[in-house]
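Engineer: Numbering (our numbering), first residue to last: -13 to 558.
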RNA sequence: CGGGGUGUAGCGCAGUCUGGUAGCGCAUCGGUUUUGGGAACCGAGGGCCGGAGGUUCGAAUCCUCUCACCCCGACCA
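#1: Identify the residues that DSSP records as bridge partners of residue 62: which are they?
#2: If you scan the segment 367 to 428 from start to end, which runs of the alpha helix (DSSP H) of 4 or more residues do you find wholly inside it?
#3: Which of helix, strand or coil does DSSP assign to residue 629?
#4: Are the Cβ atoms of residue 387 and residue 219 separated by less than 7 Å?
#5: To the nearest angstrom, how far is the alpha carbon of residue 469 from that of residue 78?
#6: Can you give the beta carbon distance from residue 545 to residue 526, rounded, assuming they're within the 8 Å contact cut?
#7: Here's the rule I'm using: 16 or more other beta-carbon atoms within 10 Å means buried, otherwise exposed. How should residue 253 be labelled?
#8: If you check the beta carbons only, do residue 299 and residue 331 fall under 7 Å apart?
#9: Can you list, in chain order, the residues of its chain with a C-beta nearer than 6 Å to that of residue 32? Leave out the 5 residues immediately preceding and following it.
#10: Short of 6 Å in beta carbon distance, which residues of its chain neighbour residue 35, apart from the five on each side in sequence? Order them along the chain.
#11: Please specify which runs of the alpha helix (DSSP H), each continuous and at least 4 residues long, are wholly inside the segment 5 to 50, giving them in chain order.
#12: So who's on the other strand from residue 106, going by DSSP bridges?
#13: What number of angstroms, rounded off, separates the C-alpha of residue 49 from the C-alpha of residue 170?
#14: At which residue ranges does the segment 208 to 246 contain complete beta strand (DSSP E) runs of 3 or more residues, listed in the order of the chain?
#15: With distances taken from CA atoms, which of 450, 39, 104 is nearest residue 530?
#16: Is the segment 342 to 358 touching the segment 172 to 181 in the sense that three or more CB pairs, one from each, lie closer than 8 Å?
#17: Report buried or exposed for residue 514, applying the criterion of at least 16 other Cβ atoms within 10 angstroms of its Cβ.
#18: What ranges does the beta strand (DSSP E) occupy inside the segment 97 to 180, keeping only unbroken runs of at least 3 residues that lie completely in it?
#19: Alpha carbon to alpha carbon, how far is residue 25 from residue 129? Give it in angstroms, no decimals.
#20: Which two residues bound the contiguous alpha helix (DSSP H) that contains residue 269?
#21: Enumerate in chain order the residues of its own chain whose CB-to-CB distance from residue 74 is below 6 Å, with the five nearest sequence positions on each side excluded.
#22: Between the beta-carbon of residue 92 and the beta-carbon of residue 125, is there less than 7 Å?
#23: Quick check on the DSSP output: the alpha helix (DSSP H) that includes residue 310 runs from which residue to which?
#24: Less than 7 Å between C-beta atoms, sequence neighbours within five positions excluded: which residues of the same chain meet that for residue 248?
#25: Ordered along the chain, which non-local residues of its own chain (more than five positions away) have a Cβ less than 7 Å from that of residue 524?
#26: Should residue 256 be labelled buried (16 or more other beta-carbon atoms within 10 Å of its own) or exposed?
#27: Per DSSP, what kind of secondary structure is residue 318 in: helix, strand or coil?
#28: Based on Cα-Cα distance, which residue from 418, 412, 384, 423 lies nearest to residue 399?
#29: What is the DSSP secondary structure of residue 193, counted as helix, strand or coil?
#30: Rounded to whole angstroms, what's the CA-CA distance from residue 14 to residue 1? Just pull it up for me.
#31: Check this for me: beta carbons of residue 502 and residue 383, under 7 Å apart or not?
#32: Buried or exposed: where does residue 27 fall if 16 or more other Cβ atoms within 10 Å of its Cβ makes it buried?
#33: Is residue 82 helix, strand or coil when you go by DSSP?
#34: Please report the residue range of the alpha helix (DSSP H) in which residue 566 lies.
#35: Out of 357, 409, 272, which has the shortest C-alpha to C-alpha gap to residue 150?
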């Protein structure tokens, strides 16, 4: 590609709206431009990278035996009503009507559509297992889109859906996808980790997320320092239930005016927060519940919601707490409470703890189970913290990292196939509901994630397989005839041998070209013209380490070819 | 959804408090000189000041209503 004929609007300065480095660099390097909140146009440079990711994903999916299809982006409401998701999916689902006043949505995911297709077309167990995938634009009307392409509303996603006759076969399909995903992220040059996950709104049982490790990641992931346990924060479980310690103090009611938060309480009694117990009032369609957590722990709403198994889970507003219990939130406590109580596992061994007295302006000290209040139900309700014991091996401790979720695999079971009455005839000639799996990859998000992991102060440092170009040919001055001719020759030479080259043949000053080349981040660069050419030499430079070397003109074509091929072989 | 902020030339901003008919830097176009890390000088073009309504002799500026975008929060007892 010739830069003189390409739309590549680079920016000297960081755009004010960009918070994270990938967003800044994608704007500065002219890869994308924003059209609306969470909606972006892809310019030629960005599109090339997007296509690279897409092709890697496509190749690995094909290799894993999946078949590519393309499903409609616009979907009729009827399908979503069949599975109940039309009412359940909420405001994230972009809905609209056609001219006949019929309801439609722009697909945020495609379980319904693929199941509908397959229930009409698959009749026999002999056609299973089957796995269909597509690479397509999705729309999710996110509460708060941010970080550019990282959390956009419109984004490019690869989604795959597997159909198997029985659990064993599903397990196998799942494993195949898991392996394919590892291959994909490796080829993209990403540092990633697969973690256990909650299956969330899409539903199902087994589930893993693939996270690219980055400080700017929106998700927290926990991993054990001594075994291979890794899970996202929603799912991670801390191990080691503490031994019960016998009571040593009497229960006392203490006046605590203006003491509301756990920090206040800990400060007032001059103790650490882990000696306190906090009470939270939540509600579901099954009524109100009081949840108890150690003062220094955080509620994990997903765990609580799963445990209570009711719809409409939410924290009761402070005002409503007052109305319901007669106590303000700051003094809420379990002793004498009339709402059903569920306590986090970590409270099982606690003794002599401090909690709200269920009376405004008072707390209780020296509280003990069974003596002062009945033993409640215990459950895992909290987020793990760094340093917690590992629940898998019991020996290691957990650490927390930030991750960008780039892939997610689920075992859906028969959730959708059953709801949509998809059956095939089994070997015995009876109708049987197949089991499904679904497998997503955020294709556009990978582009951002890759930049988060591969950049320096000057710009992007692309891993070879995602690089928009393998080589940038930097022609110092197009008016310098010998140099221009040489640049053209190298350009054609590389192109003919399958090496993607960008020729900067613009009539720009040298500094501008260098800055843009750094931003764009092609792994290899050759500088042609100026003082070098008089000595019969050009300069070959690696973006990765910045090392430059003088190369004789005759040798440069082959050297670049070799360098590029080495990189492509090594996948760096 | 709640709170905060910003909309003025392609981009970044000043002007708004105190109304008088729009300016700066970068970018763009023409010219001259320059040419190994974002050049210098001379000249030029480009804006119904987010939109609608109102107040006024007069509105970017004051009032009302809207739309868009950005940030923070929605993990707290």
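Cβ atoms here follow ideal geometry from the backbone N, Cα and C, with glycine treated the same way.
Structural biologist: Inspection of the coordinates gives the following:
#1: Residue 62 pairs with 90.
#2: Those alpha helix (DSSP H) runs which fall completely within the segment 367 to 428 and span 4+ residues are 401 to 405.
#3: Outside the shown range of the chain (-13 to 558) lies residue 629, about which nothing can therefore be said.
#4: No, the Cβ-Cβ distance between residue 387 and residue 219 is not below 7 Å.
#5: Going from the Cα of residue 469 to the Cα of residue 78 covers about 55 Å.
#6: Separation of the CB atoms of residue 545 and residue 526 is rounded to 6 Å, and the pair is thereby assigned contact status at 8 Å.
#7: Flag for residue 253 reads exposed.
#8: No; because the gap between Cβ atoms is not below 7 Å, this pair is not in contact.
#9: Only 17, 18 meet the Cβ criterion.
#10: Answer for residue 35: 433, 452, 454, listed in chain order.
#11: The qualifying runs are 7 to 14, 30 to 49.
#12: In the DSSP output, where bridge partners are listed per residue, residue 106 has none listed.
#13: Residue 49 and residue 170: Cα-Cα distance of roughly 11 Å.
#14: Runs of the beta strand (DSSP E) inside the segment 208 to 246: 216 to 218, 238 to 241.
#15: Ranked by Cα distance from residue 530, the first of 450, 39, 104 is 450.
#16: Three or more Cβ pairs closer than 8 Å define a contact, and the segment 172 to 181 falls short of that threshold against the segment 342 to 358.
#17: Result: buried.
#18: Segments of the beta strand (DSSP E) lying fully in the segment 97 to 180: 116 to 125, 140 to 150.
#19: In a straight line, the C-alpha of residue 129 is about 14 Å away from that of residue 25.
#20: For residue 269, there is no enclosing alpha helix (DSSP H); the residue is part of the beta strand (DSSP E) that begins and ends at 263 to 270.
#21: None.
#22: Taking 7 Å as the cut-off, the beta carbon of residue 92 is found closer than this to the beta carbon of residue 125.
#23: Per DSSP, the unbroken alpha helix (DSSP H) holding residue 310 starts and ends at 304 to 311.
#24: Closer than 7 Å at Cβ, skipping near neighbours: 259, 262, 264, 281.
#25: Closer than 7 Å at Cβ, skipping near neighbours: 512, 513, 514, 518, 537, 539, 542.
#26: So residue 256 counts as exposed.
#27: Taken through DSSP and simplified to helix, strand or coil, residue 318 comes out as coil.
#28: For residue 399, the nearest C-alpha among the options comes from 423.
#29: If DSSP states are grouped into helix, strand and coil, residue 193 belongs with the strands.
#30: Taking the straight line from one Cα to the other gives about 8 Å.
#31: If you check the CB distance, residue 502 and residue 383 do not come in under 7 Å.
#32: Burial call: exposed.
#33: Of the three classes helix, strand and coil, the one that applies to residue 82 here is strand, per DSSP.
#34: With the chain covering -13 to 558 only, the question about residue 566 has no answer from this structure.
#35: When C-alpha distances from residue 150 are compared across 357, 409, 272, the shortest belongs to 409.
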